[in-house]
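One rule links them: number in the numbering used here = place in the sequence shown (from 1) + 590. Glycine included, C-beta positions come from ideal geometry on N, C-alpha and C. Values in this document were obtained by computation on a predicted structure and should not be read as measured data. Reading through the structure tokens given below for one structure.
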Amino acid sequence: MQKRIAVIFVSRRNSLRSILAEACLAHLDPKRFSAYSCGQPGQLAHEFHPAAVGALKSASMELPSHAPRSWDEFARSSSPAADFIITLDAATEPLHPPWPGQPDAALWAYPDVAAGTDNNEATAHAAVQMLFSLRRRLELLVSLPMQGVDRAAVRSDVRDLGYMR
Numbered sequence: 591m592q593k594r595i596a597v598i599f600v601s602r603r604n605s606l607r608s609i610l611a612e613a614c615l616a617h618l619d620p621k622r623f624s625a626y627s628c629g630q631p632g633q634l635a636h637e638f639h640p641a642a643v644g645a646l647k648s649a650s651m652e653l654p655s656h657a658p659r660s661w662d663e664f665a666r667s668s669s670p671a672a673d674f675i676i677t678l679d680a681a682t683e684p685l686h687p688p689w690p691g692q693p694d695a696a697l698w699a700y701p702d703v704a705a706g707t708d709n710n711e712a713t714a715h716a717a718v719q720m721l722f723s724l725r726r727r728l729e730l731l732v733s734l735p736m737q738g739v740d741r742a743a744v745r746s747d748v749r750d751l752g753y754m755r
């Protein structure tokens with residue numbers, strides 16, 4: 591049996607962007623991939639953003655079974671090693687801790703649609719659009735050959751997915 595590929599999605603509060611990505615990857619290929627999400631310590635939300643909940647519900651995808659969590663949980667030396675760290679928030683990228691196992695990293699920057707807005711309808715619409723965009727990228731990710739290929743080529747392909755529109 592093949593080892594599952596562990597992917598950690600990172601965003602500041604771990605309430606919308608990274609939750610959408612985790613749920614979408616878990617939905618697309620739960621046999622080959624283990625999807626996780628986390629956020630910056632001290633910036634974490636207490637619960638998932640309602641726009642994330644609504645977007646996942648409209649796409650018939652399951653919410654993750656955990657509350658927003660810190661990247662400290664994944665940065666411990668005793669934590670399972672990830673294969674990929676995908677940052678969805680450019681502001682948190684330079685702040686990352688050293689990850690165990692030296693995973694490959696990529697930036698798939700998405701705007702923080704939930705920050706500083708009281709327009710719930712606009713945020714909900716933006717979350718659905720973000721989920722569509724993430725799904726396109728993640729469908730390409732799961733289609734990549736991950737076993738028996740040049741790791742540098744896979745790393746380059748995963749990074750290139752961050753430039754998709």
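Give every residue of the same chain whose Cβ lies closer than 7 Å to the Cβ of residue i, excluding the five residues on either side of it in the sequence, and list them in chain order.
{"i": "L685", "result": "Q630"}
{"i": "T707", "result": "T713"}
Would you tell me roughly how many angstroms separate the C-alpha atoms of residue i and residue j, rounded to the nearest one?
{"i": "S723", "j": "R755", "result": "8 Å"}
{"i": "D679", "j": "R741", "result": "24 Å"}
{"i": "C628", "j": "L653", "result": "14 Å"}
{"i": "L728", "j": "D694", "result": "16 Å"}
{"i": "A563", "j": "L610", "result": "In the structure displayed, the chain extends from 591 to 755; residue 563 sits before or after that span and is not available."}
{"i": "V718", "j": "P640", "result": "12 Å"}
{"i": "L731", "j": "V748", "result": "7 Å"}
{"i": "R745", "j": "M720", "result": "23 Å"}
{"i": "A704", "j": "A645", "result": "13 Å"}
{"i": "A657", "j": "Q737", "result": "32 Å"}
{"i": "P701", "j": "I676", "result": "15 Å"}
{"i": "S660", "j": "P735", "result": "30 Å"}
{"i": "L751", "j": "A696", "result": "9 Å"}
{"i": "A699", "j": "A642", "result": "17 Å"}
{"i": "H715", "j": "N709", "result": "10 Å"}
Taking only beta-carbon positions, decide if residue i is within less than 8 Å of chain D.
{"i": "Q692", "result": "In the structure shown, chain D cannot be found, because there is only a single protein chain."}
To which residues of the same chain is residue i closer than 8 Å at the C-beta, ignoring the five residues directly before and after it?
{"i": "Y626", "result": "A596, V597, I598, F599, E612, F664, A672"}
Note down, in chain order, each residue of its chain lying with its Cβ closer than 6 Å to the Cβ of residue i, except the 5 sequence neighbours on either side.
{"i": "D662", "result": "P631"}
{"i": "E690", "result": "Checking the sequence shown, residue 690 turns out to be Pro, not Glu. Within the same chain, P690 has close Cβ partners S667, S669, A671."}
{"i": "H617", "result": "M651"}
{"i": "C614", "result": "L724, R725, L728"}
Spell out the partners DSSP gives residue i in its beta bridges.
{"i": "G752", "result": "Paired residue(s): none; G752 is not in a bridge."}
{"i": "G644", "result": "For G644, which the question treats as bridged, DSSP gives no partner whatsoever."}
{"i": "Q625", "result": "Note on identity: in this sequence residue 625 is Ala, with Gln being the wrong assignment. A625 is bridged to V597."}
{"i": "S660", "result": "G629"}
Is any non-hydrogen atom of the ligand SAM found closer than 7 Å to the C-beta of residue i, if you look at the structure I gave you?
{"i": "A642", "result": "Absence of the ligand SAM is noted for the structure shown, with no ligands found whatsoever."}
At least three beta-carbon pairs within less than 8 Å, the segment 595-610 to the segment 623-643: Put simply, the segment 595-610 touches the segment 623-643. At least three CB pairs are less than 8 Å apart.
In chain order, each alpha helix (DSSP H) run of at least 4 residues that lies wholly inside the segment 669-735: Unbroken alpha helix (DSSP H) stretches of 4 residues or longer found wholly inside the segment 669-735: 710-733, given in chain order.
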